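Engineer:
In my numbering, the protein residues as written are 1044 to 1190.
1. Report yes if the CB atom of residue 1181 is closer than 8 Å to the CB atom of residue 1064, and no otherwise.
2. Identify the continuous alpha helix (DSSP H) that holds residue 1111 and give its terminal residues.
3. Please go through the same chain and pick out, in chain order, the residues whose beta-carbon is closer than 8 Å to the beta-carbon of residue 1183, but skip the five residues on each side of it.
4. Would you identify the three-state DSSP class for residue 1143, choosing helix, strand or coil?
5. Are three or more beta carbon pairs between the segment 1118–1129 and the segment 1074–1091 nearer than 8 Å?
6. Return yes when the Cβ of residue 1079 is within less than 8 Å of the Cβ of residue 1058, no when it is not.
7. Check each candidate in 1155, 1173, 1188 and name the one with the smallest Cα separation from residue 1165.
8. How should residue 1069 be labelled, buried or exposed, when 16 other C-beta atoms within 10 angstroms of its C-beta is the threshold for buried?
9. What is the DSSP secondary structure of residue 1164, counted as helix, strand or coil?
10. Going by DSSP, what residue range makes up the alpha helix (DSSP H) through residue 1056?
11. Give the straight-line distance between the Cα atoms of residue 1169 and residue 1152, rounded to the nearest whole angstrom.
12. I need the DSSP call for residue 1100, collapsed to helix, strand or coil.
See below:
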């Protein structure tokens, strides 16, 4: 794996660690988790459209949006649930436990998706090393969340 990709993924993890608490604070200030989504998604939509056009002509791709299978669009619902869920959970279980559980869910789900090749992902075997890593992830959840 190329080192620049590792650092990009680490940066994305850091960004999640920053923006979820920011949205949690927005929910606290507005008094509503769902309302915290409104400015977040509005700015995300505008930013995405600007970036799309800034990186090339996209008219043909924008026209394809209407042809996407509806089940793929449920990712937007999942994203909204993620934001609302984080604004609910972070104040109740703490940011450390939240992120350990979040990342653990991603690692374990990623292993399953990779094993079965779900959503068009490359098929990857679950090796003894990966299984041991999953056990360490679960142990880490226990140590951070319950100790």
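Ideal placement from N, C-alpha and C gives every residue a C-beta, glycine not left out.
Fair warning: this is a prediction, and the values are worked out from it, not measured in the lab.
Structural biologist: According to the data block:
1. Residue 1064 sits away from residue 1181, with the two beta carbons spaced by 8 Å or more.
2. First-last for residue 1111: undefined, no H or E at that position.
3. Excluding residues within five positions, the ones whose Cβ falls inside 8 Å are 1143, 1147.
4. Residue 1143 sits in a helix when the DSSP states are folded into three classes.
5. Proximity of the segment 1118–1129 to the segment 1074–1091 meets the contact definition, three or more beta-carbon pairs being nearer than 8 Å.
6. Not in contact: residue 1058 and residue 1079 (Cβ atoms no closer than 8 Å).
7. If we check each option's Cα against that of residue 1165, 1155 comes out closest.
8. Looking at its Cβ environment, which holds 16 or more other Cβ atoms inside 10 Å, residue 1069 is buried.
9. In this structure, DSSP gives residue 1164 a state outside helix and strand, which the three-state scheme calls coil.
10. That run of the alpha helix (DSSP H) goes 1046–1073.
11. Looking at the two C-alpha atoms, the distance is approximately 12 Å.
12. Of the three classes helix, strand and coil, the one that applies to residue 1100 here is coil, per DSSP.
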